[in-house]
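Data first, discussion second: the structure below is written as structure tokens.
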Amino acid sequence: MTVSIPQSRTARGEALAVIERHVLWLATAMVHHANRVRPNPSGLKVGGHQASSASMTSIMTALWFAHLRSGDRVAVKPHASPVLHAINYLIGELDAAYLTTLREFGGLQSYPSRSKDPDPVDYSTGSVGIGATAPIWAALARRYVHAHFGPDSGLVDADRSAGAALGRQYSLVGDAELDEGAVWEAILDPAVGEFGEIVWIVDMNRQSLDRVVPHIAAERLERMFGAAGWQVITLKFGRLLETLFARPGGSALRERIVAMPNPEYQRLLRCGAAELRTRLPGDGPGRAQVADLIADLDDETLLAAVRNLGGHDLDLLCDALGQIDDTRPTVLIAYTIKGYGLPTQGHPQNHSSLLTVAQYEELAAGLGMNPDDPWRGVAPDSDAGALCAATRERLRRPAVPAVLPAAIPTDIGRTPGGTSTTQAALGRTLLDLSREAPDAARRVVTVSPDVSSTTNLAGWLNKVGVWSPTERRDWFDDDAETIMHWRERPSGQHIELGIAETNLVGLIGELGATWSRWGTPLLPIGVLYDPFVERALEPWSYGIYAGGQSILVGTPSGVTLAAEGGAHQSIKTPSIGLEQPGCVSYEPAFAIDVEWTLLACMARLGHPDGGSSYLRLSTRPVDQRLAAVPA
Numbered sequence: 001m002t003v004s005i006p007q008s009r010t011a012r013g014e015a016l017a018v019i020e021r022h023v024l025w026l027a028t029a030m031v032h033h034a035n036r037v038r039p040n041p042s043g044l045k046v047g048g049h050q051a052s053s054a055s056m057t058s059i060m061t062a063l064w065f066a067h068l069r070s071g072d073r074v075a076v077k078p079h080a081s082p083v084l085h086a087i088n089y090l091i092g093e094l095d096a097a098y099l100t101t102l103r104e105f106g107g108l109q110s111y112p113s114r115s116k117d118p119d120p121v122d123y124s125t126g127s128v129g130i131g132a133t134a135p136i137w138a139a140l141a142r143r144y145v146h147a148h149f150g151p152d153s154g155l156v157d158a159d160r161s162a163g164a165a166l167g168r169q170y171s172l173v174g175d176a177e178l179d180e181g182a183v184w185e186a187i188l189d190p191a192v193g194e195f196g197e198i199v200w201i202v203d204m205n206r207q208s209l210d211r212v213v214p215h216i217a218a219e220r221l222e223r224m225f226g227a228a229g230w231q232v233i234t235l236k237f238g239r240l241l242e243t244l245f246a247r248p249g250g251s252a253l254r255e256r257i258v259a260m261p262n263p264e265y266q267r268l269l270r271c272g273a274a275e276l277r278t279r280l281p282g283d284g285p286g287r288a289q290v291a292d293l294i295a296d297l298d299d300e301t302l303l304a305a306v307r308n309l310g311g312h313d314l315d316l317l318c319d320a321l322g323q324i325d326d327t328r329p330t331v332l333i334a335y336t337i338k339g340y341g342l343p344t345q346g347h348p349q350n351h352s353s354l355l356t357v358a359q360y361e362e363l364a365a366g367l368g369m370n371p372d373d374p375w376r377g378v379a380p381d382s383d384a385g386a387l388c389a390a391t392r393e394r395l396r397r398p399a400v401p402a403v404l405p406a407a408i409p410t411d412i413g414r415t416p417g418g419t420s421t422t423q424a425a426l427g428r429t430l431l432d433l434s435r436e437a438p439d440a441a442r443r444v445v446t447v448s449p450d451v452s453s454t455t456n457l458a459g460w461l462n463k464v465g466v467w468s469p470t471e472r473r474d475w476f477d478d479d480a481e482t483i484m485h486w487r488e489r490p491s492g493q494h495i496e497l498g499i500a501e502t503n504l505v506g507l508i509g510e511l512g513a514t515w516s517r518w519g520t521p522l523l524p525i526g527v528l529y530d531p532f533v534e535r536a537l538e539p540w541s542y543g544i545y546a547g548g549q550s551i552l553v554g555t556p557s558g559v560t561l562a563a564e565g566g567a568h569q570s571i572k573t574p575s576i577g578l579e580q581p582g583c584v585s586y587e588p589a590f591a592i593d594v595e596w597t598l599l600a601c602m603a604r605l606g607h608p609d610g611g612s613s614y615l616r617l618s619t620r621p622v623d624q625r626l627a628a629v630p631a
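First residue of the sequence shown? That's 1 in the UniProt record's numbering, and the numbers climb one at a time after it.
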């Protein structure tokens, strides 16, 4: 006799399950419409990611409809863009007319875009790995703003501790994104370990674009995050599988699944019940026990059990989200299935594959949807409809106040003389600004990747101090031979990072977005050796695209580092500055030019019509009298 094991849900879980089905359907239907319904006279591939979206539907349903608060911000995995739009539609934040415009010019963007999508998007995440780190730098920027200009309305959740009271910063990350070096550069920055508002949720579907990843090891990732000081929560199995593990033969089933290679597990997802009864027991010592256990299960329960991973158990996800420790960063590793709920689930090449018309209709029947009326939402008078309405109210945010940036002078009124360099003029101009325009100077925040002393920022740093969430003792404060003092305090205006240029540009991008996120404009200036602008190029470009307004200073530049060898010559960066969209590039020759251009760059920051700038400076000594206008 075969038996069925009831999968009981809480009342909350039942409503969430209804919403999850709608989210899965809407996300899939948007991609289907863009590729198989909407006219495409060019014949060019439109594309989309139905399978990658499907693996995120449970996670995002639980997060949005049971956990998020209005002060929280979320960076969504790029390929789950349709899921985000589906959720925004269900809670009334997106008009139905947009659902037919995915990947269309002027319509819903391929990947979440803060500047181009019509619905609420917290972070642009089009570049794999880089968008995932944005909430880390936004958390730092939020703390900086609060330390300098708070307390304010940002303190929204008194029941959360430390930085989490200002709003949690979530990253929904595909497991393949963890291959990106930018991810680990950010995670390993020493300051990050103190930020309890940072929460990453990893979509552990174990598939990449080309294949099922054969050797991915969650245990190794757990150790790496743990070594960085993060809380690690892993959701591997759902409650149905855990129930089976507790029955006779259950320990053998657990051992079989845990030891199973990823490709073999994915292959099981392609099997019907009869084939599954043959394949699942394997050929190990526990074969007979597993066979006996599953022999008692009906086909429906067996098929559900092999798919019952923690990342698709809504109640389990909700419970895990309630275990977040606000005193340190958290990573929640959720095992999922790429293409979960779709006819293509488990297929090794389902990354960008599209459902056929027949498969689309099969999905509609299974979910109780109408393919001829695909945009029908949740019934307003149902429990799920009430939850959608409540979620909209819970996540409603006040309008960001329009705060005018501080007035920036066009000239400080000093004419440099003697012999000097444009690099030295940078530090002098910042000090002059603090005397002549203190309201503007208090908005300045400089950032460098361990090169403050060699880029002439020492005087500025001595004056304003180094930013830190808490005050720290400077043990060399009484050392007469120490010229640059490292006074770390919440009022500091310089942020020092490790030797990681990707982190530098990621941070100035988020510091340059505080005017539009929280109504507090800053004047961020990132300073690095110019040869390494190329290393930072993609995340810098990403930050500009995402709406971050900042100033990047490359110094020394050109051949002024000739003595350090060929690898330190920056001969291509002038072209980079000229070609970068949304950026104005300057290469001042004299100290007075540095003053004028730097002030002009500052005036471009912190408002809707603004933009970013790039300055190339030099350590070449130049007679400043040459700047005089010829008689």
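Just so you know, even glycine gets a beta-carbon here, dropped at the ideal spot from N, CA and C.
All figures in this text were calculated on a predicted structure; none of them were measured in a lab.
Beta bridge counterpart(s) of residue i as assigned by DSSP
i, result
"residue 633", "Nothing about residue 633 can be read from this structure; the chain reaches only from 1 to 631."
"ASP623", "THR419"
"MET204", "TYR335"
"PHE149", "In DSSP, PHE149 forms no bridge with anything."
"HIS494", "THR446, VAL466"
"GLY526", "VAL447, LEU552"
"ALA75", "SER171"
"SER453", "Answer is none; SER453 lacks a bridge partner."
"VAL584", "SER613"
"LEU309", "PHE237"
Residue environment, residue i, which counts as buried when at least 16 other CB atoms sit within 10 Å
i, result
"PHE590", "buried"
"THR133", "buried"
"PRO82", "buried"
"PRO39", "exposed"
"LEU578", "exposed"
"ASN370", "exposed"
"ARG254", "buried"
"GLY543", "buried"
"THR419", "exposed"
"GLU393", "exposed"
"GLY154", "For GLY154, the predicted model reports a pLDDT of 49, less than 50, meaning its position is unreliable; a value from the coordinates is still stated below. GLY154 comes out buried."
"ASP478", "exposed"
"ALA379", "exposed"
"SER550", "buried"
"THR520", "buried"
"ALA246", "exposed"
"MET30", "buried"
Inter-residue CB distance, residue i and residue j (contact presumed, cutoff 8 Å)
i, j, result
"LEU395", "LEU68", "6 Å"
"VAL622", "VAL527", "Incorrect: roughly 20 Å between the Cβ atoms, too far for contact."
"TYR335", "MET204", "5 Å"
"ALA402", "ALA440", "The pair is not a contact, with the Cβ atoms about 18 Å apart (cut-off 8 Å)."
"PRO329", "ILE198", "4 Å"
"LEU507", "LEU497", "7 Å"
"GLY606", "VAL584", "Contact flag wrong, Cβ pair sits at about 15 Å."
"GLY310", "GLY238", "6 Å"
"TRP486", "VAL464", "Their Cβ separation, rounded to whole angstroms, is 12 Å, which puts TRP486 and VAL464 out of contact at 8 Å."
"ILE201", "VAL173", "7 Å"
Simplified DSSP assignment, three categories, for residue i
i, result
"CYS271", "coil"
"ILE551", "strand"
"SER448", "strand"
"GLY48", "coil"
"ILE508", "helix"
"TRP518", "coil"
"SER434", "helix"
"GLU595", "helix"
"THR482", "coil"
"PHE590", "coil"
"SER613", "strand"
"ALA414", "The question names Ala, yet the displayed sequence has Arg at residue 414. Looking at ARG414 - three-state DSSP - the assignment turns out to be coil, as it is neither helix nor strand."
"GLU488", "strand"
"VAL234", "The amino acid occupying residue 234 in the given sequence is Thr; Val does not appear at that position. Looking at THR234 - three-state DSSP - the assignment turns out to be strand."
"ASP210", "At ASP210 the pLDDT is 48, less than 50, meaning the model places this residue with poor confidence and gives no usable figure here."
"ARG36", "helix"
"MET1", "Note on MET1: pLDDT 38, under 50, position unreliable in the model; the coordinate value appears next. DSSP places MET1 in coil when its eight states are reduced to three."
At least three beta-carbon pairs within less than 8 Å, the segment 48 to 67 to the segment 13 to 24: The way I'd put it, the segment 48 to 67 does touch the segment 13 to 24; three or more beta-carbon pairs between them come closer than 8 Å.
At least 3 beta-carbon pairs within less than 8 Å: the segment 502 to 517 vs the segment 89 to 97: Not touching, per the Cβ criterion.
Three CB pairs or more closer than 8 Å across the segment 187 to 202 and the segment 98 to 105: No, because fewer than three Cβ pairs between the segment 187 to 202 and the segment 98 to 105 fall closer than 8 Å, the two stretches do not touch.
contact_flag[the segment 251 to 269, the segment 282 to 298] where n(CB pairs < 8 Å) is 3 or more: Judged by Cβ distances under 8 Å, the segment 251 to 269 makes contact with the segment 282 to 298, as three or more pairs qualify.
Cβ contact (3+ pairs, closer than 8 Å) linking the segment 424 to 437 and the segment 468 to 475: Contact between the segment 424 to 437 and the segment 468 to 475 is absent, because fewer than three Cβ pairs lie under 8 Å.
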